[in-house]
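All remarks here apply to the structure that follows.
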Amino acid sequence: MKQQHVLVLSVSALSVAALVGWLGGIASQPATQPSPGAPVAVLERVVASGSATSAPAPSLGPVWSAMQALGARVEALEEAPPPQDPLEESDPQPQEIDLAQALAEATAQHEDALSRHGATPYDAAWAESTGSRLQEELTELGAERKFTVDKVDCRSTSCVVTLGWSGYGMAMADATEVLHRTTSLPCANRAFLPPPDDADAPYETRIIFDCAE
Amino acid sequence: MVIFSMVAAALFIAPRVADAGRARVHAARCIGSNIAVGSYLTALGSASVTCPIPSDSGVPHAHTTALNLYGHNASSFTARACVMSWSSFVVACGPRKGPSGTGHFNLSLQGNDLTQWKTGNQGTWFPYVAINMSFASRLYGLLIST
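Top to bottom, those sequences are chains U and H. Using my numbering, read the first sequence as starting at 770 and increasing by one per residue. Using my numbering, read the second sequence as starting at 200 and increasing by one per residue.
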């Protein structure tokens, strides 16, 4: 559909351009002595080559040719299968889901985000103020949800908090609560919860709060 | 010819404008604790609510231009646009935003508020809205515009 719009607009633009160009040519040339590139000459060449199915009015010669060429392109595009939405191309199909690959990609993204946080300049005033508010709120939430706040590391526009749970199941259930309910820092946040070898073992993960986004 | 061009352009541009999508979600689709759901959703105390966001080829969440939440009593009402990976290893939420004023409100999340629905391959993940509400605040529904 989008190609058709582009083509129709192209046809329209070309038509106008051809008309304007032809009128400009007439204005700059003597009316009784057309140059080899003038519309009438172009029309004569088109008719002589047999590419025109019927003789158009002389004044429409260049436009007629352009319309014929573009019409052929429209027909070809209509017969071609519609292009896929780039979003759909990246959509995983159920039978194509590769958990190992998904985990590898998520790990890389998380490590990249942690690296960006580590490279952020340190602003003592912001870090201490934000860090203490975050520590207080998460400690209170942790008492309710049964997790521990092991570390809060704030810099100038982001914080990384390390939280600990008694097991992976608890972490999966509670991490989203941390993301949803944290109000002291109204920034974007992100949790990454890779599955451990032992789901019953104590589980620790880091949540990123990014105020630069 | 100029008139033809203008008419042709108008005819083919018009459907593009009409391509903008809309989807609505009644508050009864939302889940959470400490809430009551009837004709609308009411917080019975401090409540954390999650609402699903429809996402399909007609209204893909990655193309969302605005998410509007309609409710009553803006006090302590905040919302975030979140997304969960299909492997569920990652959950990411945008910045928290709240309405202002009294009475009925229309909270609009747009631009940077919706970044997590569009970043990288997160347009293929599962979108939802996380809402925090205080006692007696209400949620009527959501409007998604692409």
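By construction, the Cβ of each residue, glycine as well, lies at the ideal position given by its N, Cα and C atoms.
Cα-Cα separation between residue i and residue j, rounded to whole angstroms
| i | j | result |
| --- | --- | --- |
| Phe916(U) | Ser935(U) | 7 Å |
| Ala957(U) | Asn320(H) | 17 Å |
| Pro883(U) | Phe978(U) | The residue you asked about is not Pro; residue 883(U) is Leu in the sequence shown. Each residue's alpha carbon lies about 10 Å from the other. |
| Glu844(U) | Met836(U) | 12 Å |
| Leu872(U) | Gln904(U) | 29 Å |
| Phe304(H) | Leu268(H) | 8 Å |
| Pro955(U) | Asp966(U) | 34 Å |
| Ser432(H) | Tyr891(U) | Past the edges of chain H, shown from 200 to 345, lies residue 432(H), and the structure says nothing about it. |
| Leu342(H) | Val282(H) | 17 Å |
| Leu962(U) | Ile230(H) | 23 Å |
| Val236(H) | Arg228(H) | 9 Å |
| Ile795(U) | Trp833(U) | Confidence at Ile795(U) is low in this model, with a pLDDT of 45, below 50, so the placement of that residue should be treated as unreliable; the coordinate-derived value is given next. C-alpha separation (whole angstroms): 18 Å. |
| Gly293(H) | Thr908(U) | 22 Å |
| Asp255(H) | Ala894(U) | 45 Å |
| Val929(U) | Asp919(U) | 11 Å |
| Ala981(U) | Ala960(U) | 17 Å |
| Arg223(H) | Thr249(H) | 15 Å |
| Gln870(U) | Pro964(U) | 13 Å |
| Arg924(U) | Thr931(U) | 15 Å |
| Leu910(U) | Val921(U) | 14 Å |
| Ala291(H) | Leu266(H) | 17 Å |
| Ala896(U) | Ser238(H) | 45 Å |
| Gly300(H) | Ser245(H) | 19 Å |
Status (buried if at least 16 other CB within 10 Å, exposed otherwise) for residue i
| i | result |
| --- | --- |
| Leu868(U) | exposed |
| Leu346(H) | In the structure as shown, chain H begins at 200 and stops at 345. Residue 346(H) is therefore absent and cannot be evaluated. |
| Pro298(H) | buried |
| Ala877(U) | exposed |
| Asn331(H) | buried |
| Thr822(U) | Unreliable placement is indicated for Thr822(U), whose pLDDT of 47 sits below 50; the coordinate value is still reported in the next sentence. So Thr822(U) ends up on the exposed side. |
| Thr264(H) | exposed |
| Ser336(H) | buried |
| Thr801(U) | Since pLDDT at Thr801(U) reaches only 40, below the 50 mark, its modelled position is unreliable, and the value read off the structure follows with that caveat. Per the 10 Å Cβ criterion, exposed. |
| Gly840(U) | exposed |
| Ala838(U) | exposed |
| Gly257(H) | exposed |
| Gly322(H) | buried |
| Ala219(H) | exposed |
| Gly310(H) | exposed |
Supposed close pair residue i, residue j - CB separation, criterion 8 Å
| i | j | result |
| --- | --- | --- |
| Tyr339(H) | Ala226(H) | 6 Å |
| Gly302(H) | His271(H) | 7 Å |
| His949(U) | Ser247(H) | 6 Å |
| Pro259(H) | Thr345(H) | 7 Å |
| Trp285(H) | Trp316(H) | Between Trp316(H) and Trp285(H) the Cβ distance is about 14 Å, and since that is not below 8 Å, they are no contact. |
C-beta contact flag for residue i and residue j at 8 Å
| i | j | result |
| --- | --- | --- |
| Leu306(H) | Ala278(H) | yes |
| Leu308(H) | Ala280(H) | yes |
| Thr952(U) | Arg295(H) | yes |
| Ile976(U) | Ala940(U) | no |
| His886(U) | Ser927(U) | yes |
| Ala875(U) | Phe288(H) | yes |
| Gly933(U) | Glu973(U) | yes |
| Arg902(U) | Glu946(U) | no |
| Gly938(U) | Ala968(U) | yes |
Interface partners of residue i on chain H, CB under 8 Å
| i | result |
| --- | --- |
| Glu946(U) | Ser247 |
| Ala871(U) | Ser284, Trp285, Ser286 and Phe288 |
| Ala960(U) | Val289, Val290 and Ala291 |
Interface partners of residue i on chain H, CB under 7 Å
| i | result |
| --- | --- |
| Arg950(U) | Ser247 and Asn331 |
| Ala942(U) | By Cβ distance, chain H contributes nothing, its closest Cβ being about 12 Å from Ala942(U), past 7 Å. |
| Pro955(U) | Pro294 and Arg295 |
| Pro963(U) | Phe288 |
| Leu868(U) | Ser286 |
Per-residue contacts from residue i into chain U (C-beta, under 9 Å)
| i | result |
| --- | --- |
| Ala265(H) | Within 9 Å Cβ-Cβ: nothing; Ala265(H) doesn't reach chain U, min ~18 Å. |
| Thr277(H) | Thr952 and Pro955 |
Contacts of residue i in chain H (Cβ-Cβ under 9 Å)
| i | result |
| --- | --- |
| Ala875(U) | Ser284, Ser286, Phe288 and Val289 |
Under 7 Å by beta carbon: chain U residues contacting residue i
| i | result |
| --- | --- |
| Cys250(H) | By Cβ distance, chain U contributes nothing, its closest Cβ being about 11 Å from Cys250(H), past 7 Å. |
Chain B contacts made by the stretch 297-309 of chain H, where a contact means CB separation under 9 Å: Looking at the structure shown, chain B is missing, and the protein chains on hand are U and H.
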